[in-house]
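Worksheet: the structure to be examined is printed underneath.
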Amino acid sequence: MKIQPVKGTRDFYPEDMAKRNFIADCWKQVSLRNGFAEYDGPIFEYLKMYQLKSGDEIASQLFAFEDRGGRDLAIRPEITPTLARMVNQRINTLPKPIKWFSTPRLCRAERPQKGRLREFFQWNIDIIGVDDCLADAEIIFCAVDCLQQIGLTSKDVVVRISSRRLLAALLEYFGIKKQGIEKVYTVLDKKSKIPQETFEKMLEEVISDPAKRQKILDLMAVESLEQLEDFAGADENSKAAIEELKQLFGYLEVMGITEFCRFDIGIVRGLAYYTGIVFEVYDISEQLRAIGGGGRYDNLLADFGGPKISATGFGMGDCVLGIVLEEKGLFEKLSQQSVIDYFVAYTDQSLQNKSLELVSKLRKSGIKSDFSYKGGALGKQLKQASMVNSAKCIILGDEFTQKKQLVIKDMASGQQETVEIEDFFGRLG
Ligand code: HAM
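Once you know that position 102 of the sequence shown is 130 in this note's numbering, the rest is easy, because the numbers rise by one and skip nothing.
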């Protein structure tokens with residue numbers, strides 16, 4: 029019986045690994061150049077950590093288990109609670125602001141679908157200790173920097189931005205009680221994923237007053253920050269939240285990324301802990317789930333027993349991004365990249381040890397090289413060189429035996445040159 033991989037998981041064969049590394053390398057490079065330092069935490073934590081503040085949706089998707097000591101644990105579905113826990117642990121000694129990144133493997137028991145699996149990788153960037161929305165702007169800049177580096181433009185992806193602070197202020201201004209607001213967020217977050225009729229029904233379940241419901245429906249139709257001002261009227265909290273969004277868009281303009289960014293009142297985010305500016309990245313076709321999402325979560329560290337300290341951040345998974353990159357052909361160049369610099373072939377079995385010596389020398393100099401275990405016909409060895417994607421092939425033959433010369437064949441053009449062995453190593457430096 030052949031055993032299948034578990035539903036919602038992936039096997040990474042070398043060609044898949046090349047794609048995964050292409051994405052992971054980009055995440056790491058972009059994080060480092062934007063001033064973030066890497067961290068990681070354990071793959072499982074106490075179950076209650078995810079039941080506390082992440083919200084019902086994620087709590088219902090946990091891979092939870094009891095360990096042999098009877099502790100209730102869960103595999104991490106996200107790393108933000110771990111980050112909050114780790115920062116709280118060293119809050120007095122860590123220099124602020126804290127700018128950290130991580131690329132954890134996460135598990136969520138979601139229904140597997142296009143772009144959503146049960147095990148995935150997620151890039152996280154977070155800034156802790158900055159109140160100003162300049163930190164939110166920097167997070168958005170860093171996300172866009174990554175999308176651009178990976179080969180996407182504003183014709184491919186869009187960052188949709190809103191504010192929970194604004195929504196909370198407006199909903200309160202409309203007369204919705206503070207305790208009921210969380211429930212409204214959950215419904216609003218579903219809006220773009222369900223038919224309008226279902227959305228209205230769900231809204232009815234949490235808001236019984238038709239006049240209030242209509243206000244929310246009208247609000248959801250707003251397309252610009254200017255239109256919002258009519259809704260805010262004289263409400264100071266709503267006006268302050270609009271001002272903050274304007275300031276954010278001002279920063280994004282200075283940073284030169286407005287072409288990627290749009291205001292979208294429909295962005296609420298699924299996780300419960302967000303408190304301020306929120307945003308999600310989508311591919312332009314809007315056929316796929318979000319590529320990434322994040323926002324401000326100013327209460328999470330305090331909720332985890334730490335001080336009141338502001339925080340903002342973002343997470344981007346590898347699944348939807350991978351689909352977009354595949355669709356746009358941005359993985360194609362990976363298959364053309366050479367895995368091996370030099371494949372050393374030999375025309376006579378008596379030269380096997382010489383080829384082994386040469387390969388060892390090349391490897392010690394940091395050059396990716398390989399050879400055939402079996403030797404045999406040169407044609408077969410050259411075929412093997414192509415199979416391992418070698419850029420060049422060194423052939424040890426009569427030239428080597430008689431004159432200590434190497435024949436170097438360029439595998440792409442087929443051109444050959446003959447080089448003295450000393451000159452060859454001299455050229456390698
Ligand atoms: P999230 O919206 O739950 O946020 O996830 C962020 C991204 O992770 C999603 O947009 C998607 O790319 C990816 N993702 C989530 N679930 C899955 C899944 N089942 N399969 C594949 N990809 C998935 C968070 O996790 C927040 N902790 C992000 C954050 C960091 N906020 C502040 N700092």
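Ideal Cβ placement from N, Cα and C applies to all residues, glycine included. Here the structure is a predicted model, which is why all the values come from computation and not from measurement.
Cutoff 6 Å; reference residue i; Cβ partners in own chain excluding five residues on either side
i, result
"E308", "R188, I295, A318, G321"
"R241", "L231, I235"
"N265", "A197"
"E360", "none"
"R61", "none"
"W55", "T131, W151"
"V352", "D311"
"Q412", "S400"
"L358", "G179"
"L386", "V372"
"A163", "I155, T340"
"I368", "K396, D398, V416, S418"
"L175", "V185"
"I39", "Sequence inspection shows Asp at residue 39; the Ile mentioned does not correspond to that position. For D39, where only same-chain residues beyond five positions count, the Cβ hits under 6 Å are P33."
Where residue i sits in the DSSP three-state scheme
i, result
"L134", "strand"
"R188", "strand"
"I395", "coil"
"D376", "coil"
"R144", "strand"
"I31", "coil"
"E354", "helix"
"W254", "Per the sequence shown, the amino acid found at residue 254 is Glu instead of Trp. In the structure shown, E254 sits in a helix (DSSP, three-state: H, G or I)."
Residue i versus the options, residue with shortest Cα-Cα distance
i, options, result
"D154", "R144, R146, A165", "A165"
"L134", "E73, D100, K361, K183", "E73"
"R192", "Y325, K205, G179", "Y325"
"K76", "I86, L101, D68", "L101"
"A112", "S182, D263, Y78, D426", "Y78"
"N116", "G97, I156, K229, L273", "I156"
"R455", "I368, S393, L256, V250", "S393"
"L280", "E233, C161, M439", "C161"
"T214", "Q377, A405, L195", "L195"
"T286", "T375, S182, E228", "S182"
"F169", "I204, P123, M283", "M283"
"F91", "I103, D84, E257, G98", "I103"
"I107", "F342, D451, S441, S414", "F342"
"A137", "I86, A171, G97, I119", "I86"
Same chain, Cβ closer than 7 Å to residue i, neighbours up to 5 away in sequence not counted
i, result
"K437", "K420, C421, I423, Q444"
"V158", "P125, S338"
"F64", "K127, W128, F129, I153"
"L199", "I209, V212"
"K47", "G350, F359, L362"
"L122", "V115"
Start and end residues, alpha helix (DSSP H) containing residue i
i, result
"Q380", "380-392"
"Y78", "76-80"
"R193", "192-201"
"A413", "406-415"
"I244", "238-248"
"Y213", "206-218"
"A163", "162-177"
"E147", "Not the alpha helix (DSSP H): E147 falls in the beta strand (DSSP E), residues 147-156."
"K437", "Element bounds for K437: not the alpha helix (DSSP H) but the beta strand (DSSP E), 433-438."
"M230", "224-234"
"L329", "328-331"
Boundaries of the beta strand (DSSP E) in which residue i is found, first to last residue
i, result
"R324", "320-324"
"A339", "339-345"
"F359", "Careful: F359 lies outside any beta strand (DSSP E) and carries neither H nor E."
"D159", "That residue, D159, is in no beta strand (DSSP E); it is neither H nor E in DSSP."
"V447", "444-448"
"K28", "Residue 28 cannot be examined here, being either before or after the span of the chain that is shown, 29 to 457."
Own chain, CB closer than 8 Å to residue i, minus 5 neighbours either side, in chain order
i, result
"A330", "K336, I337"
"R391", "S397"
"P109", "E73, M77, Y78, L80, K81, S82, L328, F332"
"C347", "G143, R144, L145, F148"
"Y67", "L111, M114, W128, F129, S130"
"F227", "V215, K218, K219"
Complete runs of the alpha helix (DSSP H) confined to the stretch 258-314 [at least 4 residues]
264-282
Pick out the complete beta strand (DSSP E) segments inside the stretch 82-128, 3 residues or longer, and give them in chain order.
92-94, 100-103
Which ranges does the alpha helix (DSSP H) cover as unbroken runs of at least 4 residues, wholly within the stretch 33-68, from first to last along the chain?
42-61
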